[in-house]
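The structure appears right after this line, and notes come after that.
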Amino acid sequence: MKIKIFENYEKMSIEATRIIASQILRQPDSVLGFATGSTPLLTYKRLIRLYEEGLISFKKIKTFNLDEYINIDVKNPGSYRAFMENTLFNKIDIDEKNWFIPDGNAENIEEECILYDKKIKEQGGIDLQLLGMGTNGHIAFNEPGTSFSTRTHVVSLKQNTINDNSRFFDRLEDVPTKAVTLGIRSIMEAKQILFMANGAAKAKAVRDALEGPISIDLPASVLQLHPNVTILLDEAAAMELGR
Ligand code: F6R
C-alpha cells in the first residue's frame, strides 16, 4: 500500500490526474472505475483540461461508475448519471456506449446487479478504480456491516450517508434512501485502486481504514488486503495517522 500525503486538495488532485492520465496513455483502451461525490471533482476538471489540450483521449476508454440511487429521475442533477454527464462525460471525447452506470430505475433491479458485474467481466475487468470514502468508512455505497464477498447489490443508505449527501439535493427529504452499488468483492477485483480522501471530516475514518483492524465495520479497511492500492490524502485527512 503506497500512501502519499499532500499539502492540500489541489496537490492531491494533481497527483490523481497524473496517475489516471498515465494509465490512459499507457493503455488507451483501459477500463476505468469512476466515483461521484466531491472528492474527485478537481481530478475530473484537470482530466478535462488535459483532454482539451490534446494530451489525452477517452475515445477507446470504457468506464464503470460505482453506484447510483434507486428510483431517481436520471435528469435530477442529484442522480449520479447526471453528475457524471455534467462534470465529465459531456466535456470529453468518450463514446456514449462506453460508459456504464448502474440503472437505478431498472424494472428488475436484482437482474440489473448481475448484468452490471457481467458487463465489467466482459470488458476484461477494471484496470484502475478511483475510490472515495464516506465519513463512516463506506466505499461506493457499501455501508458498515457489508460483507466483503458482495458483488453489485442493493443497499439501504445509513442516515449519516443521507445527511452527508443532502448537499447535492434541495431538501434532506429528496435524498433517495436506497442505491445500487458495486460490491466490495467487485471493487477488490480491480487491478489497481486509487483511493482519495481529503478534509478533516475524513481523518478518523482514514486512520481506522489504514491502521485499524480489517473489519466489515469499516468497509474501507478491506483495502489493506488489495495488492495494488495507492492512497492519496491531503494533510487534513491524514492528521490522525500514527505511522
Ligand atoms: C460515490 C461513492 C461514495 C463517495 C463517498 C465520499 O460514487 O461511491 O462512496 O466516494 O461517499 O463522498 P465525497 O467525495 O462527496 O466526500
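912 is the number of the first residue of the sequence shown in my numbering; add one for each residue after it. Even glycine gets a Cβ: it sits at the ideal position worked out from N, Cα and C.
For residue i: DSSP bridge partner residues
| i | result |
| --- | --- |
| D1145 | F917 |
| K973 | V942 |
| Q1034 | Q1034 pairs with nothing; no bridge assigned. |
| Q1103 | L1039 |
| H1137 | DSSP, once it has assigned bridges, lists no residue as partnering H1137. |
| V1065 | V1091 |
| I925 | For I925, which the question treats as bridged, DSSP gives no partner whatsoever. |
| N1236 | In the structure as shown, the chain begins at 912 and stops at 1154. Residue 1236 is therefore absent and cannot be evaluated. |
Under the three-state DSSP convention, the category residue i falls into
| i | result |
| --- | --- |
| A1112 | helix |
| D978 | strand |
| K1089 | strand |
| N1011 | A small correction: the amino acid at residue 1011 is Phe; Asn does not occupy that position in the sequence shown. Three-state DSSP puts F1011 in a strand. |
| N1071 | helix |
| I1050 | strand |
| R1082 | coil |
| S1126 | coil |
| K986 | coil |
Burial state of residue i, where buried means 16 or more other Cβ atoms lie within 10 Å
| i | result |
| --- | --- |
| L1105 | buried |
| A927 | buried |
| L966 | exposed |
| G1045 | buried |
| N1139 | exposed |
| L1134 | buried |
| P1124 | exposed |
| N919 | exposed |
| D1145 | buried |
| L1136 | exposed |
Cβ-based neighbour list, residue i, same chain, cut-off 8 Å, excluding 5 preceding and 5 following
| i | result |
| --- | --- |
| G1153 | R1118, E1122 |
| L1083 | I1073, N1074, S1077 |
| I1003 | L958, I959, Y962, F969 |
| I983 | G989, S990, G1015, N1016, P1087 |
| H1064 | C1024, V1091, T1092, G1094 |
| F994 | T947, P988, F1079 |
| K922 | D1145 |
| T1061 | N1053, G1094, I1095, R1096, S1097 |
| A1116 | M1044, G1045, T1046, N1047, G1048, A1108, L1129, A1131 |
Beta-carbon proximity check, residue i vs residue j, cutoff 8 Å
| i | j | result |
| --- | --- | --- |
| A1148 | G1110 | yes |
| L1039 | T998 | no |
| T954 | I931 | yes |
| I1037 | A1101 | yes |
| T1099 | G1043 | Sequence inspection shows Met at residue 1099; the Thr mentioned does not correspond to that position. It is not a contact, given that the beta carbons lie outside the stated cut-off. |
| I925 | I981 | no |
| L1041 | F945 | yes |
| M1150 | A1114 | yes |
Cut-off 7 Å between Cβ atoms - residues of its own chain near residue i, not counting five sequence neighbours on either side
| i | result |
| --- | --- |
| D978 | Y991, P1013, A1051, F1052, A1090, V1091, T1092, L1093 |
| F1000 | W1010 |
| T1057 | I1095, I1127, P1130 |
| S941 | Q934, I935, I972, D1038, L1039 |
| I916 | L1144, E1146, A1149 |
Close-in-space but distant-in-sequence residues of the same chain around residue i (CB under 6 Å, 5 per side omitted)
| i | result |
| --- | --- |
| D1128 | P1055 |
| Q1103 | L1039, N1139 |
| M912 | V1140 |
| Y1027 | P1013, T1063 |
| V985 | R992 |
| Q1034 | V942, K973 |
Proximity test, Cβ basis, 8 Å: residue i and chain B
| i | result |
| --- | --- |
| F1059 | Absent here is chain B; the protein component of the structure consists of one chain. |
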